[in-house]
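A.B. asks:
Residue numbers (the numbering used here): 6 to 94.
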């Protein structure tokens with residue numbers, strides 16, 4: 006596992022812990038704005054983890070595919086475009 010994936014795993018484990026905390030906040034009938042703030046924090050962590058994975062993908066998988074040939078490179082680029090499209094929606 007490379008460094009970007011390791012960073013993503015740490016972030017995802019952090020998000021998992023925060024989600025458990027959010028569930029407890031809801032069960033304890035905590036203040037809604039505090040809960041919402043924590044949810045936004047988890048969303049930020051998930052986005053950062055996703056960017057780490059995409060960074061790794063671009064630097065390794067896409068680069069390799071482009072060097073191996075036009076078809077493989079085009080397929081990988083199309084995958085990234087689809088992800089970016091989901092991000093902006």
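All C-beta atoms, glycine included, are put in the ideal place defined by N, C-alpha and C.
None of these values were measured; they are calculated from a predicted model.
1) Excluding the 5 residues flanking residue 54 on each side, which residues of the same chain have their C-beta closer than 6 angstroms to its C-beta?
2) If you check the beta carbons only, do residue 8 and residue 60 fall under 8 angstroms apart?
3) Drop a sphere of 10 angstroms on the beta-carbon of residue 11, count the other beta-carbons inside from all chains shown, and report buried for 16 or more, exposed for fewer.
4) Return the Cβ separation of residue 20 and residue 38 in integer angstroms, given the expectation that the two are a contact with Cβ distance under 8 angstroms.
5) Give a yes or no on contact between the region 67-81 and the region 25-38, applying the rule of three or more CB pairs nearer than 8 angstroms.
6) One question on the structure: do residue 27 and residue 50 come within less than 8 angstroms of each other, judged by their Cβ atoms?
7) Who are the Cβ neighbours of residue 70 in its own chain at under 6 angstroms, not counting the five residues just before and after it?
8) Classify residue 92 as helix, strand or coil using the three-state DSSP reduction.
C.D. replies: This is what the structure gives:
1) Here residue 54 refers to the residue found at position 49 when the chain shown is read from its first residue. So the qualifying residues of the chain are 13, 16 and 17.
2) Here residue 8 refers to the residue found at position 3 when the chain shown is read from its first residue. Here residue 60 refers to the residue found at position 55 when the chain shown is read from its first residue. No, they are not a contact pair.
3) Here residue 11 corresponds to residue number 6 of the chain shown, with the count starting at 1. Exposed.
4) On the chain shown, position 15 is the one that residue 20 refers to. On the chain shown, position 33 is the one that residue 38 refers to. Not quite, the Cβ-Cβ distance comes to about 20 angstroms (not below 8 angstroms), so this is no contact.
5) Three or more beta-carbon pairs separated by less than 8 angstroms are not found between the region 67-81 and the region 25-38, which leaves the two stretches without contact.
6) To locate residue 27, count along the chain shown from 1; it is residue 22. To locate residue 50, count along the chain shown from 1; it is residue 45. Residue 50 sits away from residue 27, with the two beta carbons spaced by 8 angstroms or more.
7) Mapped onto the chain shown, residue 70 falls at position 65. So the list reads 77, 78 and 81, once near-sequence residues are dropped.
8) In the chain shown, counting from the first residue as 1, residue 92 sits at position 87. Note: residue 92 maps to helix in three-state DSSP.
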